[in-house]
Amino acid sequence: MEFCPKCGGLLMNKEKNSSCLSCGYVSDSKISLESTEKGKLKAEVDVVDDDASEVNPIIQAKCQKCNNNQAYFWILQTRAGDEASTRFFKCTKCKHVWREYK
């Protein structure tokens, strides 16, 4: 990359020479532009198993689909801030999800 000796603007290549876009200065030679990039390659890609990603606590709750007695649970604010939160459950066996409003 080269810059104009008159105004400091960037010199751009034309057909036989290079010129400044700002002041119109014309150089006799063409500019050679080079670009390099350095990076590190990661050897392996980590894969997260769907079952291994559960970090929610397990409680005693009966699944309506498979009658299992354990489920993950989490709480979200699904309505206005002054209303009660919604509890979600996910069966540890069949992965059925249901919710409970309080």
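Be aware that the sequence shown starts at 56, since it is given in our numbering, and climbs by one per residue. Note that beta-carbon positions come from the ideal geometry of N, C-alpha and C, so glycine has one too. The structure displayed is predicted, hence computed values, not measured ones.
| Query | Result |
| --- | --- |
| Where F144 falls, given that 16 or more other Cβ within 10 Å makes a residue buried | buried |
| CA nearest to the CA of W153, picked from Q119, S90 and D137 | Q119 |
| Between the CA atoms of A98 and E57 - distance to the nearest angstrom | 38 Å |
| Under 8 Å between C-beta atoms of N72 and S90 | no |
| Contact check, A126 vs C149, beta carbons under 8 Å | no |
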